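Colleague: Numbering-wise, the UniProt record's numbering puts 273 at position 273 of the sequence shown, and it's gapless, one number per residue. Here a beta-carbon is modelled for each residue, glycine too, at the ideal position from N, C-alpha and C. Only a predicted model underlies this, so the values are computations on that prediction, with no experimental measurement involved. This is the structure I want to talk about, given as structure tokens.
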Amino acid sequence: MSLGAVRSAVKEVLLCTASYFIGCLYALFVLIFYILGKPCSRFGKAYLKKSSPYTLRMNDSALTLPLSSASDTENRKHTTHTQDQCLLLTKLPAELRKSIWELCLGGRRFRFSLLGGPGESTQLVCHEEPNQQGSSLHPLPSELPSNDNRNITAAHPGQNRKVFPLVLTCRRIYSEAIDCLYSRNNFNISACYLGGLPSLLLPQRFNAIRSMTIDWGFPYGSPIPLGLEGFSHQTWGFWVKSWKILASMKGLSVLDVKLSGDVFFNSYQWTRLGEEEKALVLQPIREVTRPEKFRLLLPFSLEIYDSPLTNLPCSISFEKAYLITFVKGARAAMIEDLKDVCSIL
């Protein structure tokens, strides 16, 4: 056999061997990728049928975290430690600690204020109403950044600041005590700020409020048109939306609403309305059914005329009585317009 034939045979053998090796290697890679890329059986149909729905993923930057075991929280960015060095948290049962938080944080009156005025604010502060120990201005601990916290407190030196430091001591105390701050105090707010409250408070804080006092004045004028010559859709929408917000507060049990006599519900306007218009104006109030104690303070007396106010789900008191001149008659067109706005809202 010649040398050329030998070389050709060796070359063919090497090519066959290389082809076989490459083919085996390719098959091996395909098998590996198939095994690694195959969905886990726990994501199959049987698993999906038996598994419980996924829980809501919490934002890593949120201040409020649920208490859980140390193994579950060690890998989180913000960890709620057990605080073993604190005898208050390790020796006392949860029921006694809750009573302590309620005694320290409850029984106060706070006024909600928005920074920037109506329609411009994105931050919420609490002003403690004056008492024997003075008053103080507090940024809400879970809603304001730390830099805003420093700016607000520094602007009011010498005031009582002993309410929120307890809540901000550590994340463990915050998790246990923050609900007491909202559920055991009375919050006073102007109605013009009420529309921004659900977006500025966490839902669980918003629904934890049990006692609220509303000072109701209208920045856009009265929803009752003077002389029934037309009305403001903006004002009427503000009236309906505000009562819907109060009706949506799941934890609200005590509600006091004071209507301003300067810009709303003056006796002259009210007596110009017929029974159907009065019922339409008062319909949003009837949606507020959760509070056990619901008081409505009117700037005029109800005793000198018949009114559907008597059918509201609240007790009614009067600031003072007025002499009222009755003016009968109303425009049906206004009623239909108001109903159209209600259907839109």
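What residues in its chain sit with their C-beta under 8 Å from that of Y20, if we drop five residues either side in the sequence?
Modeller: Correct list: empty, nothing qualifies.
Colleague: For D179 versus T213, is the C-beta distance shorter than 8 Å?
Modeller: Not a contact, by the Cβ cut-off of 8 Å.
Colleague: Taking the CB atoms as reference points, tell me whether A279 and S242 lie closer together than 8 Å.
Modeller: No, they are not a contact pair.
Colleague: Identify whether N188 lies in helix, strand or coil by the three-state DSSP scheme.
Modeller: Strand at N188.
Colleague: Does the separation of the CB atoms of L252 and R286 fall below 8 Å?
Modeller: Against a cut-off of 8 Å, the Cβ pair of R286 and L252 comes out as no contact.
Colleague: Rounded to whole angstroms, what is the Cα-Cα separation between Y220 and T235?
Modeller: With a pLDDT of only 48 at Y220, under the threshold of 50, the placement of this residue in the model should not be trusted; the figure read from the coordinates follows. Answer to the nearest angstrom: the Cα atoms are 6 Å apart.
Colleague: From the DSSP output, in three-state form, read off K250 for me.
Modeller: Coil.
Colleague: Below 8 Å between beta carbons: does that hold for R184 and G106?
Modeller: Cβ distance < 8 Å, so R184 and G106 count as in contact.
Colleague: Please go through the same chain and pick out, in chain order, the residues whose beta-carbon is closer than 8 Å to the beta-carbon of M249, but skip the five residues on each side of it.
Modeller: Cβ neighbours of M249 beyond the five flanking positions: F206, N207, I209, M212, R290.
Colleague: Measure the Cβ-Cβ separation of P284 and W216 and say whether it is below 8 Å.
Modeller: For P284 and W216, no; Cβs fall outside 8 Å.
Colleague: What residue does the beta strand (DSSP E) around I214 start on, and which one ends it?
Modeller: Unbroken beta strand (DSSP E) run through I214: 211-216.
Colleague: Taking the C-alpha atoms as reference points, what is the distance between I316 and I245?
Modeller: Those two C-alpha atoms are separated by around 21 Å.
Colleague: Pull up the CB-CB distance for R97 and E176, whole angstroms please, since I reckon it's below 8 Å.
Modeller: Yes, they are in contact, since the Cβ atoms of R97 and E176 sit about 6 Å apart, within 8 Å.
Colleague: Between which two residues does the alpha helix (DSSP H) harbouring L105 extend?
Modeller: Note, L105: alpha helix (DSSP H), 94-105.
Colleague: My output table needs one value for G288: the three-state DSSP class, helix, strand or coil.
Modeller: The sequence given here places Val at residue 288; Gly does not occur at that position. V288: coil per DSSP, three-state reduction.
Colleague: Does the beta-carbon distance from V281 to P313 come in below 8 Å?
Modeller: No; because the gap between Cβ atoms is not below 8 Å, this pair is not in contact.
Colleague: Starting from L166, follow the alpha helix (DSSP H) in both directions and report where the run begins and ends.
Modeller: From DSSP, the alpha helix (DSSP H) with L166 extends over 164-167.
Colleague: Please report the residue range of the beta strand (DSSP E) in which R295 lies.
Modeller: Taken as a continuous stretch (DSSP letters only), the beta strand (DSSP E) holding R295 covers 293-298.
Colleague: Put R7 into one of helix, strand or coil per three-state DSSP.
Modeller: Helix at R7.
Colleague: Count the other CB atoms, across all protein chains shown, that sit within 10 Å of the CB of L296; report buried if there are 16 or more and exposed otherwise.
Modeller: Classification of L296: buried, given that the 10 Å Cβ count is 16 or more.
Colleague: The alpha helix (DSSP H) that contains L87, what's its start and end?
Modeller: Residues 87-91.
Colleague: To which residues does DSSP link L255 through a beta bridge?
Modeller: According to DSSP, L255 bridges with M212, F294.
Colleague: Could you tell me the distance, in whole angstroms, from the CA atom of W101 to the CA atom of E95?
Modeller: Taking the straight line from one Cα to the other gives about 10 Å.
Colleague: Could you round the C-beta distance between E166 and C104 to whole angstroms and report it? I think they count as a contact, below 8 Å.
Modeller: First, the amino acid is wrong: residue 166 is Leu here, not Glu. Indeed, because the Cβ distance is near 6 Å, the residues count as touching under 8 Å.
Colleague: If we call anything under 8 Å between Cβ atoms a contact, is Y193 one with F110?
Modeller: Not in contact: Y193 and F110 (Cβ atoms no closer than 8 Å).
Colleague: Do Q83 and L89 come within 8 Å of each other at the CB atom, strictly closer than that value?
Modeller: Cβ distance < 8 Å, so L89 and Q83 count as in contact.
Colleague: By the three-class DSSP mapping on this structure, what secondary structure does S2 have?
Modeller: Correct three-state label for S2: coil.
Colleague: Whole angstroms is fine: what's the gap from G293's alpha carbon to P203's?
Modeller: The sequence as given places Lys at residue 293; Gly does not occur at that position. The straight-line gap from Cα to Cα measures roughly 23 Å.
Colleague: Mapping DSSP to helix, strand and coil, what is R108?
Modeller: If DSSP states are grouped into helix, strand and coil, R108 belongs with coil.
Colleague: What are the start and end residues of the alpha helix (DSSP H) that includes P313?
Modeller: Where P313 is concerned, there is no enclosing alpha helix (DSSP H), given that its DSSP letter is neither H nor E.
Colleague: Count the other C-beta atoms from every protein chain shown that fall within 10 angstroms of the C-beta of C40, then say buried if there are 16 or more, exposed otherwise.
Modeller: Here C40 scores only 49 on pLDDT, less than 50, and its place in the model is too uncertain to base an answer on.
Colleague: Compute the beta-carbon to beta-carbon distance between S260 and P198, rounded to the nearest angstrom, for a pair I have assumed lies under 8 Å.
Modeller: S260 to P198, Cβ: 23 Å. No contact.
Colleague: Thinking just about the alpha-carbon of each residue, which of F29, C24, L31, I189 is nearest to the one in K258?
Modeller: Of F29, C24, L31, I189, the residue nearest in Cα terms is I189.
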